[in-house]
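With UniProt numbering as the guide, the letters of the sequence shown map in order to residues 1 to 543.
C-beta atoms are modelled at their ideal positions from N, C-alpha and C, and glycine is treated no differently.
Only one structure is covered here, and it is reproduced in the block below.
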Amino acid sequence: MKNCSNNYLPTPVSVSGNRHRNLNLVLTAPDIAVAFHDQDTPGLIPVADASQTLTVDLVVWPAALPGYTYQLLFNSIATGPRKLILPSHAPGAPLHLEIPAELLLEGFHDVAYVVVNPINQVEQKSEIFRIQIDRTAPGAPELAAIQFPAEIQNGLTAAELDQLGGQLDVQIAGYTGMAKHDRILTRWGDIVGPTAVVNETDMGLDKVSVTFTRAFLQTLGEEEKQVCYQVIDRAGNPSILSNTVAVKLRLKDLPSDYPAPVIDQAVGDLIDYLEAQAGVLVDIPHYPGAAALDSIQLFWGTNNPLTPVFVAPGDENEAVILTLKLPFEAIAQGPQGDAAVHYEVSRNGELTGTSLDTHIDVFTTLPFPTPLSNLTVQGTSVQNPNTQDNFIDEDDYELNGRGVVLWNTGFEINDDLNLYWGNQVKTQWYQIRSSDVAATRDLIIPIDNELMKLQGTGEAIPVYFTVTRTGNPNSMTSPTQPVTVRSREEQPGGENGLTGPTFNLTSNGVLGPNENPDGADVKVSPYVNIAEGQKITFTFKGF
């Protein structure tokens, strides 16, 4: 290699400030401090900040030199003035750009910045920070009213609040635009109530729960107030006020020890189906401060109120101020088993007191729902040609009868059928067997001759049967079937029948046209069971 003197070496020129002629940098995205930075609503700008110039934050990038410029990119369009990097701007130092308020329209927007090398005009764009402008109020076109429990009807009492666990939990139904982080602000009249924030669970259920505590409710007084709510979304957009619900509080302690109602002692300790069908009498005893036109509402069970009844003028001072007869429906739709019975007293629409409970057992459920059919009674004589149903002739009367019971889908194994024949009763006349249930055929059951004879004869003996089931005090009863019963003893001639007639015969015992040219007299002697109006038919056979 040849050595050359320095006089022959080319000399490069040092260009000051041009070390990064081609930037090729990765510029981090700018930031907007007022935006939300979580995963739920990244970049959402509160409406309060979206109505004014929005500050965009960035930092001096590592390759920045004095004279470089940076400028806002809003939706990829250069916006606003170019700003210079000053000698005092060290890498990492904060810089700021501004987004004019008029650009902050509804929707999503991309925010970035572009930097330029002024010497060669090479530019580099930063990563994007996406923002959202939301100016749409939630809940359009209207918000449904708060859903209160039924206990607020006619005013919420202290006792009802206790039953609700000492707090009033309400539900707010889903609404248009419902989203996580929405704030629910309640109002009780002019008083700000508790708030709730919508979470993922609320979104899944499409409703929000809000709790009014006892402490809060006790500060409200007892005047009726309109209760509503308003929704503020995460951006800060307020909804209209919801539809209102009128609620009256009656949290002052009211008497709860009025004398218990008195149930008719005739029913004993258990009200069964027949007793309930007949109606049950309940006395309302005198209670402290009773007044004419007080409204008495009886509750047969906790959630089974009856129609209120007013105290008649003049009865308010009686030992029993009111007697109520409960219809079957009121008892049947109440609880089975132990039923707690009490009454509430109201005056001028305001509850004034509640009675103690009276407890009684109720069992009004029948063994099965399908009605029974009439029993068909048949005779068993094969000699008498009369085969009419529900007719026992004199020949049948000497034998056992039979009853035909139409099969009922409600029959179960071990159900007892009991026969009622006039005044005679045959308990456990028949017991349903497993083979009966399997076959589901009509039952043919003997009827004891002794039972029929104990009752005797008659034109329309009432006959029916009942079905009873172990563990159920109620029985199913079939319709009554009139049965005609006859016997030889009551027939003309009695048990031995009629004696033959006598004729005026000749001396040799002959009756004939030659012997009796003027006819023959026939004599019928009085017979057993003879009665006026009986028709005698004479039959003559000659040979």
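Beta-carbon separation of Leu161 and Ile99 under 8 Å? No, Cβ-Cβ distance for Leu161 and Ile99 is not below 8 Å.
Quick check on the DSSP output: what are the complete beta strand (DSSP E) runs of length 3 or more inside the segment 148-223, in order along the chain? Runs of the beta strand (DSSP E) inside the segment 148-223: 167-173, 183-188, 191-197, 207-213.
Flag this pair as yes or no: are the beta carbons of Thr365 and Ala276 separated by less than 8 Å? No.
Output yes or no for whether 8 Å exceeds the beta carbon distance between Thr380 and Arg402. Between Thr380 and Arg402, the C-beta gap is smaller than 8 Å, which places the two residues in contact.
Ser51: buried (16+ other C-beta within 10 angstroms of its C-beta) or exposed? Answer is exposed; the Cβ neighbour count stays below 16.
Residue span of the beta strand (DSSP E) that contains Glu123, given as start and end: Its beta strand (DSSP E) spans residues 123-125.
Evaluate contact between the segment 239-250 and the segment 136-151, counting only Cβ atoms and requiring at least three cross-stretch pairs below 8 Å. The segment 239-250 and the segment 136-151 touch, with no fewer than 3 CB-CB distances between them shorter than 8 Å.
Roughly how far, in whole angstroms, is the beta-carbon of Gly289 from the beta-carbon of Gly334, given that I think they are within contact range, below 8 Å? Contact doesn't hold; Cβ gap of about 28 Å is too wide.
On the DSSP bridge list, what partners appear for Phe368? According to DSSP, which records beta bridges pairwise, Phe368 is partnered with nothing at all.
Please list the segments of the beta strand (DSSP E) lying wholly inside the segment 343-397, counting only runs of 3 or more residues, in order along the chain. Unbroken beta strand (DSSP E) stretches of 3 residues or longer found wholly inside the segment 343-397: 350-354, 358-363, 376-378, given in chain order.
Relative to the C-alpha of Leu58, which residue among Gly337, Ser126, Leu281 is closest? Out of Gly337, Ser126, Leu281, Ser126 has the C-alpha closest to the C-alpha of Leu58.
Buried or exposed by the 16-neighbour rule on C-beta atoms within 10 Å, applied to Ser355: A buried status is given to Ser355, since no fewer than 16 other beta-carbon atoms sit within 10 Å of its beta-carbon.
Kindly list the residues whose CB is nearer than 8 Å to the CB of Lys83, restricted to its own chain and excluding five residues on each side of it in sequence; keep chain order. Excluding sequence neighbours, Lys83 sits near Thr69, Tyr70, Gln71, Leu95, Leu97.
Helix, strand or coil for Gln333? Go by DSSP, reduced to three states. Residue state, collapsed to three classes: coil.
Between the CA atoms of Pro238 and Val362 - distance to the nearest angstrom: A direct Cα-Cα distance of roughly 55 Å separates Val362 from Pro238.
Relative to the C-alpha of Glu350, which residue among Leu205, Pro255, Asp396 is closest? Comparing Cα positions, the closest option is Pro255.
Quick one: using the 10 Å Cβ neighbour count with 16 as the cut-off for buried, is Pro138 buried or exposed? So Pro138 counts as buried.
Residues of its chain near Gly174, where Cβ-Cβ distance is below 7 Å and the 5 sequence neighbours each way are ignored: Leaving aside the five residues that flank Gly174 on each side, the residues in its chain whose CB is nearer than 7 Å to its CB run, in chain order, Asp206, Lys207.
Tell me, please, which residues DSSP counts as bridged to Lys426. Its beta-bridge partners are Leu419.
Kindly indicate the opening and closing residues of the beta strand (DSSP E) around Lys325. 320-326 is the span of the beta strand (DSSP E), which, as asked, contains Lys325.
Only counting the same chain, and skipping five residues up and downstream in sequence, which positions put a Cβ closer than 6 Å to that of Asp190? No residues qualify anywhere along the chain.
State the DSSP-derived secondary structure class of Tyr258, mapped to helix, strand or coil. In this structure, Tyr258 counts as strand in the three-state DSSP scheme.
List the whole-angstrom C-beta distance separating Val47 from Ala235, where the pair is believed to meet the contact cut-off of C-beta under 8 Å. Yes, they are in contact, since the Cβ atoms of Val47 and Ala235 sit about 5 Å apart, within 8 Å.
Would you be able to state if there are at least three C-beta pairs under 8 Å between the segment 507-526 and the segment 406-417? Result no; under three Cβ-Cβ pairs closer than 8 Å.
Suppose the cutoff is 6 Å on Cβ atoms and the five residues either side in sequence are ignored; what does the same chain contact list for Tyr420 look like? Excluding sequence neighbours, Tyr420 sits near Tyr464.
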